[in-house]
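See structure below.
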Amino acid sequence: MNISSRLPEVGTSIFTVMSRMALEHGAINLSQGFPDFPVSGKLIDLIHDKMKEGHNQYAPMPGVAALRKAIAGVIQDTYQRSTNFETEITVTAGGTEAIFAAIAALVGTGDEVILFDPAYDSYGPAIRLNGGTPLHINLSPPDFSIDWGEVKKRITRRTRMIMINTPHNPAGSVLSQADLRMLEQLARDHDLIVLSDEVYERIIFENTTHESVLKYPSLAERSIAVFSFGKTFHATGWKVGYTVAPENLTREIRKAHQFITFSVNTPVQLALAEFLSDPENYLRLGKFYQQKRDFFLQEVKGSSLQPLPCFGSYFQLVSYEGISPKSDSAMAEWMTREMKLAPIPVSAFYKDKTDNKLLRFCFAKSEETLQKAGKILRGI
Ligand code: PMP
Numbered sequence: 007m008n009i010s011s012r013l014p015e016v017g018t019s020i021f022t023v024m025s026r027m028a029l030e031h032g033a034i035n036l037s038q039g040f041p042d043f044p045v046s047g048k049l050i051d052l053i054h055d056k057m058k059e060g061h062n063q064y065a066p067m068p069g070v071a072a073l074r075k076a077i078a079g080v081i082q083d084t085y086q087r088s089t090n091f092e093t094e095i096t097v098t099a100g101g102t103e104a105i106f107a108a109i110a111a112l113v114g115t116g117d118e119v120i121l122f123d124p125a126y127d128s129y130g131p132a133i134r135l136n137g138g139t140p141l142h143i144n145l146s147p148p149d150f151s152i153d154w155g156e157v158k159k160r161i162t163r164r165t166r167m168i169m170i171n172t173p174h175n176p177a178g179s180v181l182s183q184a185d186l187r188m189l190e191q192l193a194r195d196h197d198l199i200v201l202s203d204e205v206y207e208r209i210i211f212e213n214t215t216h217e218s219v220l221k222y223p224s225l226a227e228r229s230i231a232v233f234s235f236g237k238t239f240h241a242t243g244w245k246v247g248y249t250v251a252p253e254n255l256t257r258e259i260r261k262a263h264q265f266i267t268f269s270v271n272t273p274v275q276l277a278l279a280e281f282l283s284d285p286e287n288y289l290r291l292g293k294f295y296q297q298k299r300d301f302f303l304q305e306v307k308g309s310s311l312q313p314l315p316c317f318g319s320y321f322q323l324v325s326y327e328g329i330s331p332k333s334d335s336a337m338a339e340w341m342t343r344e345m346k347l348a349p350i351p352v353s354a355f356y357k358d359k360t361d362n363k364l365l366r367f368c369f370a371k372s373e374e375t376l377q378k379a380g381k382i383l384r385g386i
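Be aware that the sequence shown starts at 7, since it is given in this note's numbering, and climbs by one per residue.
Quick look at the structure:
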């Protein structure tokens, strides 16, 4: 049968390619973004308990009420925003489903969505599968800042949504208060919906604060904020996240969510509801990852590769400009094959494959692994 693909250029993801290559060549794998240390034993015990107590059937479509209530409490404490758990919070199968459901519900055929590259790889395909047109705006190193003047110029009558990501994967950059103010103004002037990917909200360093759309009342009125427990509790494999959005947007998101997954697994939701009652369980994350970043940077000292500033997320970008004329893909392959260390080439996050001679390393790894990686990098 002749099938015309709706995503003809989408093949095996770079993460799968690099992980496979790492395995093949016995390389240390700092390519894919997942922690290699254990999840809290307490949280695992809580999940066991919930399963043994018999909480193994469908959860309510929008999420277990106890979890949504707990999330509302966390949002109040963190962003001083009062949210109605009944009408404004929806538990999803990770941040990825949250993003897909929001786009499926709110972007129609021919609608334009502005997004910034480098970008998490699901954004563009999610827009296109739902009939929208992605409008990619490239950001550049070292700071990957947004030129809001340019964004304004790219807005048309068809622009429906603008997507942001802070703290940013892969750049490690964060948006400032001034960015959020500009966004607030643009979104209001052009009646845009904002999809704000904040899955790394807790992984933020030093004196930087996370600027959530939820902190800006008039922006929050037209925004969907996306979060992920996978990032916050070192459990990317559980795929539990959530959206926070005003009632009119949430109503639509739930219509999509209802037919994508219907609901998310019950015991993990119940366990998370209890685990969230101790703020220490998530407040320590920033410090924890800052130590990882600093440890990695210390280990990399002496390498001819140049680390870029990293304010949040668990990714460190490293420049090899001036060291090798290789493309970043060729460099990543060479490093994996010859040096036994696997990164991700940053061009993979650009629609137009812009090559800034940057490699991304995930530092959500044990010190032993980071030490080994550092030794290899010092030898380059
Ligand atoms: N957004 C960004 C920027 C991410 O890096 C990720 C995970 N890599 C996600 C969303 C998806 O989160 P989840 O794993 O909860 O689906």
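Where is the CB? At the ideal position from N, CA and C, for every residue including glycine.
Provide the residue span of the beta strand (DSSP E) that contains residue i, from first to last.
| i | result |
| --- | --- |
| F321 | F321 to S325 |
| D123 | E118 to D123 |
| H142 | T139 to N144 |
Span of the alpha helix (DSSP H) holding residue i?
| i | result |
| --- | --- |
| R187 | Q183 to D195 |
| L198 | Here L198 belongs to no alpha helix (DSSP H), and DSSP marks it neither H nor E. |
| P131 | Y129 to L135 |
| N254 | E253 to I266 |
| Y85 | A71 to Y85 |
| S335 | D334 to E344 |
| F301 | L291 to V306 |
Alpha carbon to alpha carbon, what distance is there between residue j and residue i?
| i | j | result |
| --- | --- | --- |
| G79 | R290 | 18 Å |
| G308 | S283 | 44 Å |
| F317 | F211 | 5 Å |
| P315 | L323 | 8 Å |
| G100 | E204 | 12 Å |
| A111 | L29 | 39 Å |
| K159 | T115 | 22 Å |
| D197 | P252 | 15 Å |
| P147 | L135 | 30 Å |
Please say whether residue j and residue i have beta carbons closer to each other than 7 Å?
| i | j | result |
| --- | --- | --- |
| A107 | A226 | no |
| T96 | T256 | yes |
| Y126 | S269 | no |
| V113 | P140 | no |
| C368 | Y326 | no |
| P131 | V16 | yes |
| Y206 | K237 | yes |
| V232 | T249 | yes |
| I133 | I170 | no |
| H31 | R343 | yes |
| M24 | A279 | no |
| R87 | L220 | yes |
| V200 | R228 | yes |
| A241 | V45 | yes |
Return yes when at least one heavy atom of the ligand MN lies under 6 Å from the C-beta of residue i, else no.
| i | result |
| --- | --- |
| S19 | No copy of the ligand MN occurs in the structure displayed; its ligands are the ligand PMP alone. |
Under a CB-based cut-off of 7 Å, is residue i close to chain C?
| i | result |
| --- | --- |
| H61 | In the structure shown, chain C does not exist; there is a single protein chain. |
Would you check if there are 3 or more beta carbon pairs closer than 8 Å linking the stretch 329-341 to the stretch 186-193? Under the 8 Å Cβ criterion, the stretch 329-341 does not count as touching the stretch 186-193, having fewer than three qualifying pairs.
Evaluate contact between the stretch 367-386 and the stretch 50-64, counting only Cβ atoms and requiring at least three cross-stretch pairs below 8 Å. No: fewer than three Cβ pairs fall under 8 Å.
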